[in-house]
Each structure stands twice: as C-alpha cells, then as structure tokens.
Amino acid sequence: MTMLIPVLGDQLTHTLASLRDADRGGSVVLMMEVWDEATYVRHHKKKIALIFAAMRHFAAELRADGWMVDYVPLDAPGNTHSFTGEVARAATRHKATAIRTVAGGEYRVRQAQDEWAAQTGLPVEIREDDRFVCPLPDFYAWAQGRREQRMEYFYRDLRRRTGLLMTADGQPEGGKWNYDHDNRDTPPRGVNYPAPERFAPDAITQDVLALVGKRFADHFGDLDPFGLPVTRAQALVALEHFIAAALPDFGRYQDAMIAGQDYLFHSSLSSSINLGLLGPIEVCEAAVAAYARGDAPLNAVEGFVRQIIGWREYMRGMYWWDMPRLATRNALEAHRPLPDFYWTGDTDMRCLAESIGQTKREAYAHHIQRLMVLGNFALLAGIDPQAVSDWYLVVYFDAYEWVEMPNVIGMSQFADGGAIASKPYVSSGAYIDRMSDYCGRCRYDVKKKTGADACPFNALYWDFLARHEKRFAGNARMRNMYGTWRRFSDEKRADYRASAAAFLDTLVPAEEGWAHISAT
1351 MTMLIPVLGD QLTHTLASLR DADRGGSVVL MMEVWDEATY VRHHKKKIAL IFAAMRHFAA
1411 ELRADGWMVD YVPLDAPGNT HSFTGEVARA ATRHKATAIR TVAGGEYRVR QAQDEWAAQT
1471 GLPVEIREDD RFVCPLPDFY AWAQGRREQR MEYFYRDLRR RTGLLMTADG QPEGGKWNYD
1531 HDNRDTPPRG VNYPAPERFA PDAITQDVLA LVGKRFADHF GDLDPFGLPV TRAQALVALE
1591 HFIAAALPDF GRYQDAMIAG QDYLFHSSLS SSINLGLLGP IEVCEAAVAA YARGDAPLNA
1651 VEGFVRQIIG WREYMRGMYW WDMPRLATRN ALEAHRPLPD FYWTGDTDMR CLAESIGQTK
1711 REAYAHHIQR LMVLGNFALL AGIDPQAVSD WYLVVYFDAY EWVEMPNVIG MSQFADGGAI
1771 ASKPYVSSGA YIDRMSDYCG RCRYDVKKKT GADACPFNAL YWDFLARHEK RFAGNARMRN
1831 MYGTWRRFSD EKRADYRASA AAFLDTLVPA EEGWAHISAT
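For the sequence shown, my numbering begins at 1351 and goes up steadily by one.
In structure tokens:
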C-alpha cells in the first residue's frame, strides 16, 4: 500500500490535513513545479521565486523529518507541467494505491483535483483545508438567507468564535468592534519607518533565483533584491520583528502613503500566511499578546486582527460562495482595456507611477495603494474588471485567486453589483492628497478640477457618478455626492465630463494578452 500525497505550493504547513495522520513509511509526498501554474497568468518574477524557494525548503524539511518526498523541479525530464499530469506520472512511478490531498485554494485547481481519480484509476481523498478559521460550510450557513453578506457582521461572529479581543463577559475589548476612525493619520515628517525583516538567499534560494531569471525573464517585475521569508523559521522572525517594531504604529498610519517608503508600518506577512508558513490564528494571537502586554494600542491590534480574521476569511468565503460566476462579473459594464502604464509605470500621475513602481520592485503594495490609487483609477476609468483582476493576480506576491479576485471584482471594482461593498470605493484627488505626499511633486495640480493640468482623478470622479447616476443615486451612502453633483450648473457638469473624456482618450491600451502566456 502506497499513499501518494500531493502537496501544493501554497500548502507548506507541517500539520497539513493530508499529512497529519499519514503513515510515513507507506506514503510518498509529491511536490511539483509546473509551467501551467507559473504561467496561467504571467506572475511577477519575485512571486514565482518566492513560491518555488519556499517549496524547495519545505521539501527539505519534510525529508529531514522522515518523509519520502518526490520533488519534481521545473526542468525535470518528462515534466508534464500540469498538476494532473504529474500526479498521474507519480502514481505510476511509485505504484500508488491511493491518493490523498488537501483541496486547492483556487477554483480551477479544485476542478483539476476532481479529475485525478479518472486520470489515475485510484481512489482520491480530498480533505478540506482546515488552516482557515472559518470552514466553508460554516461560511455558507452564515451567508445563506441573508439579504446582505457584509464583512462587518461576519467579522464580529469570528471574534466571538475565536475569543480574540473579547472580554470575559463576551463583549469586544474596549467596548467597540471597530477602531477604523483612529487609523487615518498622515505620518509626520521625520518618522523612522521600520523596514520588514529581510533574509539573505541561501544556496537553495539562489538556485531558484537563477532558474526564474532564466526561464521567466520576460515576466513583469524585478527579481533582485530578494529577501522574502521562505521558511517557517524565517516567517516567525518576520512576525516577531513586525510585532516589536511596526505594530505599535500600524493602526493610525495604516492608510498613509509616502513616496519611497514601500512598507511604512505594514507587515507584509500575507506572503507567509498565504503560503502556509504561518497560521492566521497564531499571527493574531501574537498581536493580541502585544496589546495585553501594553506594547501595542488597541486600535492597531484590532485593525490588524480585522485584516486577517475579518477580510481574509470573508474574501475566501465570498470567493467560493460566488464561483464560478464571480470570475465574469461586470455589473457596471466596464470594457475599457487596461492602460499600458499599469505594466510600465510610465504615467505623469505620480500616485500611480509610485504605486506601480513599488509593485514592480517589491511585488507588494499596501491595501490603500491597491484600493484607492490603482483600483480607484481603474473603476473611475471603466477598465474591464477581468483585466484588472488578472493584473492584480500577476503582480503581488500574496495574490492567490481566492483572495485576490473577490477583493478586486467585488470590493475594488464593484463588478459584483454590491455583494461585497455597499458602495463603490471611488474618490477624487483630494483623498489621495490627504493620505499621501504623492501630489506635491506631481505634474498635475490636485487643486484644479478640470483641464489639461488638473488632477485626472477630479474629473474622472464626477464623470463616474454621472455615468452611473441611475444605479447609485438612491444609495444612502452616496446621497450627498449626488446632491453636490445636481447643484453644479449644466456648464460645470459638462466641463467635468469633457475633461474626463479628453483624458481617457489619451490612454494607451496594454498589448493584447500581456498578462497571459501560452504553456510552451
């Protein structure tokens, strides 16, 4: 009897459900680097390197722990470059009698796993991924029958379930569930921003970097320098560093954007959590412990916990709740091609150029850059939401479809018609000016409303409201915006719309299929 246990690249957890009760003497762990997964979109070079390096280190740890590991590198002879093909080859190679795996996090991977029994003629057990706080059946039970599946109420339920930041009598710590109003400060000049912990590449990682540099040279993004955590031990060091150095100021400055400060007080731990090197509960507990010691304020800790057991868990639930329909949602009928500058960063809009340049260097931008600069522009300009979603999936090291797609299609682009967000996340240039230092040295004037020298966000904002007035005018959260729009003179409204149209005419579409590459 030989049990074949395929472990995927984002399942790098020693307590993985498929490994937990397996007989090591009668099992073979299969790990696969396949072209299909690296190129179904043209992932950022640093993202590919992160995943391959973490996989190779995890395989070495499993071997040291007594597991038999069959590791198929990208350039292995005979590599079929698909999960299904490599599972079938390994089943034959090891004379497997059964297959056990953990459900893939992405819809297409889960669909492929359902084919393995037919492809191999073996019984296949697909275990649920229990590394999340909320099992999918529990999410479905919560969502079923609700008129609106809003994150805030889901988040409160998970706080109660986990006990995180809850008092002994079942009340939220400090008397409130949410401290967002305390988390919108702009950092003063001269603040010392703590850089995330970085790790020198060892021989395994250096081999991966050479491979990626050779095989994926035409993919988006910079490969060097590379210092991301690729083992659990490194991820724990990164967590400890964040808790000590950045968490105390994370809350009040979490929405700020400063040119040249790629991380500010953000953690970037999402790369390790989504790979499986860290668990969401242990990360939250570390933050809550800092609050208990008096080392971090409540608004910072609550905001951090909400990102993990609130948004992360909620987005996963909403992804599976709405797939496969979510992938093609386009409620606002946005069809403009993605502008070329999303790939090149070559734009006079400094906020976009800074955010895209940072994304190219680091494969990272924090949530306000993603939502209120990059996503805000795409929504205002009417960019096709599938193109926007593909771009986000390509460029960020923590982007897996289950978390990226609902964030972009739903929260950022309102393409799901409001299932996730109660109103579109749109703003004029004033918000970006208030939360960043981008506007001061921009070629456009954020104070000007229309014309060739005015910040494009200003005219685009009002043009968006005008285009979608029928849909949003009755939205309670947008009533004031439309009240202002209706008080404008006909001439002023026409000026805004003409200015927006003139700017949109200057956008150069990205090359067809830039985000995708054929599996050759």
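All residues carry an ideal CB built from backbone N, CA and C; glycine is no exception.
Between the CA atoms of residue j and residue i - distance to the nearest angstrom
i	j	result
residue 1452	residue 1474	10 angstroms
residue 1359	residue 1389	14 angstroms
residue 1844	residue 1800	10 angstroms
residue 1638	residue 1505	16 angstroms
residue 1810	residue 1667	33 angstroms
residue 1467	residue 1789	57 angstroms
residue 1429	residue 1688	34 angstroms
residue 1724	residue 1592	26 angstroms
residue 1744	residue 1857	21 angstroms
residue 1684	residue 1515	41 angstroms
residue 1413	residue 1432	24 angstroms
residue 1371	residue 1486	22 angstroms
residue 1585	residue 1457	27 angstroms
residue 1774	residue 1427	50 angstroms
residue 1731	residue 1812	11 angstroms
residue 1552	residue 1681	47 angstroms
residue 1664	residue 1501	6 angstroms
residue 1483	residue 1491	15 angstroms
residue 1463	residue 1387	14 angstroms
residue 1869	residue 1641	Confidence at residue 1869 is low in this model, with a pLDDT of 36, below 50, so its placement is unreliable and no value can be given for it.
residue 1661	residue 1673	18 angstroms
residue 1567	residue 1610	26 angstroms
residue 1418	residue 1590	32 angstroms
residue 1817	residue 1766	17 angstroms
C-beta atoms of residue i and residue j nearer than 8 angstroms
i	j	result
residue 1659	residue 1512	yes
residue 1712	residue 1612	yes
residue 1625	residue 1854	no
residue 1399	residue 1573	yes
residue 1779	residue 1769	no
residue 1493	residue 1671	yes
residue 1524	residue 1510	no
residue 1804	residue 1795	yes
residue 1627	residue 1823	no
DSSP-derived helix/strand/coil call for residue i
i	result
residue 1523	helix
residue 1539	coil
residue 1400	helix
residue 1554	helix
residue 1606	coil
residue 1513	coil
residue 1849	helix
residue 1415	coil
residue 1819	helix
residue 1869	For residue 1869, the pLDDT reaches just 36, beneath the cut-off of 50, and the residue's location in the model is therefore unreliable, although a value from the coordinates is still provided. In this structure, residue 1869 counts as coil in the three-state DSSP scheme.
residue 1487	helix
residue 1546	coil
residue 1858	coil
residue 1532	helix
residue 1795	strand
residue 1422	strand
residue 1705	helix
residue 1804	strand
residue 1622	helix
Limits of the alpha helix (DSSP H) - the one that residue i falls within
i	result
residue 1759	Where residue 1759 is concerned, there is no enclosing alpha helix (DSSP H), given that its DSSP letter is neither H nor E.
residue 1687	Counting along the chain, residue 1687 falls outside any alpha helix (DSSP H), and DSSP gives it neither H nor E.
residue 1355	From DSSP, residue 1355 is part of no alpha helix (DSSP H) but of the beta strand (DSSP E) over 1353-1356.
residue 1737	1735-1745
residue 1655	1648-1655
residue 1664	1663-1672
residue 1433	1433-1443
residue 1638	1630-1643
residue 1831	1829-1837
Residue i - containing beta strand (DSSP E), residue span
i	result
residue 1613	Where residue 1613 is concerned, there is no enclosing beta strand (DSSP E), given that its DSSP letter is neither H nor E.
residue 1452	1448-1452
residue 1776	It is not in any beta strand (DSSP E) - residue 1776 carries neither H nor E in the DSSP assignment.
residue 1377	1377-1382
residue 1593	Premise fails: residue 1593 lies in the alpha helix (DSSP H), 1582-1595, not in any beta strand (DSSP E).
residue 1474	1474-1477
Cβ of residue i within 8 angstroms of any chain C Cβ
i	result
residue 1794	The chain labelled as chain C is not found in the depicted structure, where only one protein chain is given.
Closer than 7 angstroms: residue i CB and nearest the ligand FMN heavy atom
i	result
residue 1354	In the structure on display, the ligand FMN does not appear, and there are no ligands present to speak of.
### Query
Would the region 1436-1446 and the region 1390-1403 be scored as touching if the rule is three or more Cβ pairs under 8 angstroms?
No, because fewer than three Cβ pairs between the region 1436-1446 and the region 1390-1403 fall closer than 8 angstroms, the two stretches do not touch.
### Query
Quick one: any contact between the region 1449-1463 and the region 1360-1377, if contact means 3 or more CB pairs under 8 angstroms?
yes
### Task
Determine, using beta-carbon pairs with one atom in the region 1857-1867 and one in the region 1829-1837, whether at least three such pairs fall under 8 angstroms.
no
### Inter-stretch contact at 8 angstroms, needing at least 3 Cβ pairs: the region 1372-1385 / the region 1354-1361
yes
### Task
For the region 1421-1429 and the region 1633-1650, state whether three or more C-beta atom pairs, one from each stretch, are separated by less than 8 angstroms.
Below 8 angstroms, too few C-beta pairs join the region 1421-1429 and the region 1633-1650 to call them touching: fewer than three.
### Message
If contact is defined by three or more beta carbon pairs under 8 angstroms, each pair taking one atom from either stretch, is the region 1724-1740 in contact with the region 1677-1696?
### Response
Flag = yes, the region 1677-1696 and the region 1724-1740 touch.
### Stretch pair the region 1614-1623 + the region 1538-1554: three plus CB contacts closer than 8 angstroms
Look at the beta carbons and you see the region 1614-1623 touching the region 1538-1554: at least three pairs across the two are nearer than 8 angstroms.
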